[in-house]
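K.L.:
The structure's right below; bear with me while I get my questions together.
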């Protein structure tokens, strides 16, 4: 036992040193990113280091670009040049991935994407905000005491909120956050915290109401169940688990496990990219997204839980029509609905069709909005529209020896390149903003932007930025009042705000 404790302590110390180094490395990588350095070397002399323009070249920000500003258009411009306008061609002097990296860098700057380390700032706008179809104002609902992950507005106007390393609590209709709900699944303190980076193992994730909550009172909660010596592990391991329960007199009661895996499939990868988003279809099933809590080869293995969206009945039973039915009981393939996902940060049900949709973070570029289909393979880590964070092509799939053809995968309905770090989303429904009915309201982290998307016949037909420079938008929900509720994270704290029609009473 003493030897086990020593090993465990050593591992935790090594990981602690590692996360401190990673925090430093992240900032170093952002300031020394290859495409940023390449812009300074090849482009800044004409266009200025801040893209503001110079004597030899026009500005690249704050103006319309003559030949378009999509990533593809920028790649054509950089690769082919426009000699008649004095723009040289770099297609023969720079490798294709660096040309694409330069295009991404220019596009990121044009859209105001700052460094990830700068995205923790929060700026709540004052006064009316004018969108294309509606004017609205942003109201602060509540200030939270810890970094949040999810909210669930209740029919009576209160709001359930999950804070990753604190637990589950209720915000009343006056914006006061109450004490923690007792007896929910255990939440562990971070092993390490450094400059907005947590090393977490054992946290609370998504909270969602059963579609018939007003009749049955069921609340669903995803969290990462942590095991140590009680599971025979020398060091802690964890994996996403879904439970449901009810709240009665400030306590979590009637708990039932809805989805879990064998402890043999738990991992020591921290919980930061666990996902754990929940959604319900119209036929009595609950879906849970599992992110990259393991090496990426697991994403394409059906008998491993990560990189998947799982589907069970609302009581935890196994649906007979799930696409994969293996013989091995320990396998997670019984519950797999789709696979090949990287970091599935959002999950929601179309209010009319009942289709399940998801949002997914790519690497540098390649954030996605996907229609989730039965048995679909979404291609990660073999295919992405993005680059690796160092500006190199993503070759993880090839390096792992995966055999997968593009035509055998499901391509995104919407590709966000450059990547704003898409987070959660919801379909709008309600009377407050009728022109947005059934549109997707999508949050982002790095870009601190709230988007509205309209999709028809499987294609994006309209897109609008409702708010920019707001904060890291971790969750998006629609209240019973039809207002759009946003969960913001900034530093170690959080804020709940809502979008209210400008003419509504405050």
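Residue numbers (my numbering): 149 to 654. Glycine included, each C-beta is placed from N, C-alpha and C at the ideal position.
#1: Count the other CB atoms within 10 Å of the CB of residue 233; is the residue buried (16 or more) or exposed (fewer)?
#2: Could you tell me whether the segment 543–550 touches the segment 235–249, where touching means 3 or more Cβ pairs closer than 8 angstroms?
#3: Would residue 203 be called buried (16 or more neighbouring beta carbons within 10 Å of its own) or exposed?
#4: Does the segment 458–478 touch the segment 401–410, meaning 3 or more C-beta pairs lie closer than 8 angstroms?
#5: Helix or strand or just coil, what does DSSP make of residue 638?
#6: Which residues share a DSSP beta bridge with residue 590?
#7: Assuming the contact rule is C-beta atoms closer than 8 angstroms, residue 333 and residue 391 should be a hit. Round their C-beta distance to whole Å, please.
#8: Residue 583 and residue 512 look like a contact to me (Cβ under 8 angstroms); what is the Cβ gap, rounded to whole Å?
#9: Report buried or exposed for residue 157, applying the criterion of at least 16 other Cβ atoms within 10 angstroms of its Cβ.
#10: Restricting to Cα atoms, I'd like to know which of 365, 322 and 311 is closest to residue 328.
#11: If you drop the 5 nearest sequence neighbours on each side, which residues of the same chain put their C-beta closer than 7 angstroms to that of residue 194?
#12: Leaving out five residues before and five after residue 506 in sequence, what residues of the same chain have Cβ atoms less than 7 angstroms from its Cβ?
#13: With DSSP as the reference, identify every bridge partner of residue 407, one or two as the case may be.
#14: Taking the alpha carbon of residue 604 as the point to measure from, which residue in 500, 372 and 619 has its own alpha carbon closest?
#15: So, is residue 240 buried or exposed, given that buried needs 16 or more other C-beta atoms within 10 angstroms?
#16: So, for residue 172: in the same chain, excluding its five sequence neighbours on each side, which residues have a beta-carbon less than 8 angstroms away from its beta-carbon?
#17: Applying the 10 Å Cβ sphere with the 16-neighbour rule, what's the burial state of residue 300?
#18: To the nearest angstrom, how far is the alpha carbon of residue 425 from that of residue 540?
#19: Any idea if residue 289 is buried or exposed, counting beta-carbon neighbours within 10 angstroms, 16 or more meaning buried?
#20: Applying the criterion that 16 or more other CB atoms from any shown protein chain within 10 Å of the CB defines a buried residue, is residue 473 buried or exposed?
#21: Can you round the beta-carbon distance between residue 454 and residue 465 to whole angstroms, since I take them to be within the 8 angstroms contact cut?
#22: Could you check where the beta strand (DSSP E) with residue 458 kicks off and where it finishes?
#23: Can you tell me which of the three DSSP states residue 194 falls into?
#24: Using DSSP's beta-bridge definition, name the partner residues of residue 525.
#25: How about the segment 580–594 and the segment 547–561: do they share at least three Cβ pairs that are nearer than 8 angstroms?
#26: Between the Cα of residue 304 and the Cα atoms of 362, 336, 610 and 270, which residue gives the shortest distance?
#27: For residue 610, count the other beta carbons within 10 Å of its own beta carbon; 16 or more makes it buried, fewer makes it exposed. Which is it?
#28: Could you compute how far the alpha carbon of residue 637 sits from the alpha carbon of residue 231?
#29: Please classify residue 566: does DSSP put it in a helix, a strand, or coil?
P.N.:
Quick answer:
#1: exposed
#2: no
#3: exposed
#4: yes
#5: strand
#6: 573 and 599
#7: 6 angstroms
#8: At roughly 34 angstroms, the Cβ-Cβ gap does not stay under 8 angstroms, so residue 583 and residue 512 are not in contact.
#9: Any reading at residue 157 needs caution, since the residue's pLDDT is 47, under 50, leaving its predicted position unreliable; the model's value is listed next. It counts as exposed.
#10: 311
#11: 202, 204 and 205
#12: 437, 457, 492, 494, 495, 518 and 520
#13: 390
#14: 500
#15: exposed
#16: Per-residue confidence for residue 172 stands at a pLDDT of 44, beneath the threshold of 50, marking its modelled position as unreliable; the derived number appears in the next sentence. Same-chain partners within the cutoff: there are none.
#17: buried
#18: 30 angstroms
#19: buried
#20: exposed
#21: Contact doesn't hold; Cβ gap of about 23 angstroms is too wide.
#22: 456–461
#23: helix
#24: 487
#25: no
#26: 362
#27: exposed
#28: 47 angstroms
#29: coil
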